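Working notes, structure below.
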Amino acid sequence: MTFRNELIASAASQLACDYCCNPTDFLNDKGRVTLARITDNRRRCFRTEPDFFKAATMGYGTVISAASEVMEFSRELIEKCSGDELFDQKKILLINSRLARYNKVIAANNIYFLPESPYRYVSRGGLKIHFCEEDEIISQLYPIKGFNHALLYNSEGPRRDKLAACAINGNEIVGIAGASSDSPIMWQIGIDVIPRFRGHGIGSELVSALTQAVFMHGAIPYYGTWNGNIASQNTARRAGYYPVWAEMFAFDIETEKFGY
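See the structure below:
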C-alpha cells in the first residue's frame, strides 16, 4: 500500500515528525503508540511542551502520541480498536474517563484537508483580491480586528502569518484568507468573511487564490476545521480540497480557551 500522491506522502511525513513515528505507520491497520516529545520540525501550533495525549488517523490505523502516564492505557486502546475506530464518540468518552484522572479532556477533534494535485486556481472574476506578505500583514492587517480565523495577530514566535489574500469591496476588506507557517513545509490556511458578505463564494475563492500563492512560495497548504463546522468543510471542498486526516488533542479541563 502506498500514499495516493506526493502531497499526502508529505503530510504523512509531517505527521510522522509530529508523532515521532514512521510515515508508513499511518497505513498500518494495527496502529502505534509513541512517547510524546518535541521535535525540531514539528507543526508549531499552540504548544511549546509535548502533548499529554493526541492521536491521528489517515483512515487506516491510528497513531497515538502520549505522555508516560498514559502509555499503557494508549497501548490497550490500540490493541482493542482497529483502524480509525478510536475516533468514534464512544471511544472518546472512554478516553476522557481516563484522562480526567490527570485533569485532561479531549477538547479538539479536527479534520484536515489537502488540495487536489495538480492544483489549478481559476478566478471567477468580479472579486478584487489583494495579497499581503508577512510585513504587510503586520502593518496593514493586524490593526483590523475581527479576522481571528484567518490571522494569528501575533508577530512573535516561530509560527507566523506568512501570506494573506484579502477580498476588497470598495475601500473595505470584507474577507481574509491567511496562511501560517505551522512547520517548515506546511502552511495552514484559515478564512474569515464578515457576516453580511457570507454565502456568495468569497471564502472559497480566497482560499483557492491563497492556495495557489502558497504553492508558489514553495510550501504545502492545508486546511483544518472541527467536525461540526459544516460550512467550513464546504468552503474547503469548493476550493478544491478533500479530507486526508483527523486528529484529536487533550487539553487541561480548566483551560478557558481551547484551540489547536
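Plus 2 on top of the position in the sequence shown (first one is 1) and you've got this note's numbering. Here a beta-carbon is modelled for each residue, glycine too, at the ideal position from N, C-alpha and C. Small disclaimer: the values here were computed from a predicted structure and weren't measured.
- request: Give the C-beta separation of E87 and Y244 to the nearest angstrom, bearing in mind that I take them to be a contact with Cβ-Cβ under 8 angstroms.
  value: Residue 87 sits at position 85 when you count from the first residue of the sequence shown. Residue 244 sits at position 242 when you count from the first residue of the sequence shown. Not really, about 22 angstroms apart at Cβ, beyond 8 angstroms.
query: According to DSSP, is C19 helix, strand or coil?
result: The residue given as residue 19 occupies position 17 in the sequence shown. Helix at C19.
message: Quick check on Q91: buried or exposed, where buried means 16 or more other Cβ atoms within 10 Å of its Cβ?
response: Within the sequence shown, residue 91 is the residue found at index 89, counting from 1. Q91 should be labelled exposed.
query: In angstroms, rounded to a whole number, what distance separates the CA positions of Y262 and A110?
result: For the purposes of this step, residue 262 is taken as residue 260 along the sequence shown, with counting starting at 1. For the purposes of this step, residue 110 is taken as residue 108 along the sequence shown, with counting starting at 1. Confidence at Y262 is low in this model, with a pLDDT of 44, below 50, so its placement is unreliable and the value that follows should be read with caution. Cα to Cα, Y262 sits roughly 7 angstroms from A110.
query: What residue ranges within the stretch 52–131 form continuous alpha helix (DSSP H) runs of no fewer than 4 residues, ordered along the chain?
result: 73–82 and 91–101
- prompt: Touching or not, the stretch 184–196 and the stretch 4–22, by the rule of three or more beta carbon pairs under 8 angstroms?
  reply: yes
- request: Specify, as a first and last residue, the run of the alpha helix (DSSP H) that T213 falls within.
  value: For the purposes of this step, residue 213 is taken as residue 211 along the sequence shown, with counting starting at 1. Taken as a continuous stretch (DSSP letters only), the alpha helix (DSSP H) holding T213 covers I204 to M218.
query: With burial defined as no fewer than 16 other Cβ atoms inside 10 Å of the residue's Cβ, what is the status of K56: buried or exposed?
result: The residue given as residue 56 occupies position 54 in the sequence shown. Label assigned to K56: buried.
query: Which stretch, first to last residue, makes up the beta strand (DSSP E) that contains Q142?
result: Counted from its first residue, the sequence shown places residue 142 at position 140. Careful: Q142 lies outside any beta strand (DSSP E) and carries neither H nor E.
query: For E190, which beta-bridge partners are listed by DSSP?
result: In the sequence shown, residue 190 corresponds to position 188, counting from 1. Per the sequence shown, residue 190 should be read as Gln rather than Glu. DSSP lists S182 and Y224 as partners of Q190.
query: Is there contact between the stretch 149–162 and the stretch 172–179, where contact requires at least three CB pairs shorter than 8 angstroms?
result: yes
- request: Would you mind sorting T227 into buried or exposed? The rule is 16 or more other CB atoms within 10 Å of its CB.
  value: Working through the sequence shown from its first residue, we reach residue 227 at position 225. With 16 or more Cβ atoms within 10 Å of its Cβ, T227 is classed as buried.
query: From I255, I204, A181 and H202, pick the residue whose C-alpha is nearest to that of G220; which is it?
result: As a first step, residue 220 must be located in the sequence shown, where it is residue number 218. Taking only the C-alpha atoms, the option nearest G220 is A181.
- prompt: Can at least three beta-carbon pairs, one atom from the stretch 20–33 and one from the stretch 62–78, be found at a separation below 8 angstroms?
  reply: Three or more Cβ pairs drawn from the stretch 20–33 and the stretch 62–78 lie within less than 8 angstroms of each other, which places the two stretches in contact.
message: Spatial neighbours of E8 within its chain, please: C-beta separation below 8 angstroms, excluding the five flanking residues on both sides.
response: The residue labelled residue 8 in the question sits at position 6 within the sequence shown. For E8, where only same-chain residues beyond five positions count, the Cβ hits under 8 angstroms are S119.
task: Alpha carbon to alpha carbon, how far is D163 from E135? Give it in angstroms, no decimals.
output: Along the sequence shown, read from residue 1 onward, the residue named residue 135 stands at position 133. Along the sequence shown, read from residue 1 onward, the residue named residue 163 stands at position 161. Distance between the alpha carbons of E135 and D163: 8 angstroms.
field: beta strand (DSSP E) segment containing I170, residue limits
entry: For this step, residue 170 is matched to residue 168 along the sequence shown. D163 to N171 is the span of the beta strand (DSSP E), which, as asked, contains I170.
message: Run through the DSSP bridge pairs and tell me what Y284 is partnered with.
response: Nothing about residue 284 can be read from this structure; the chain reaches only from 3 to 262.
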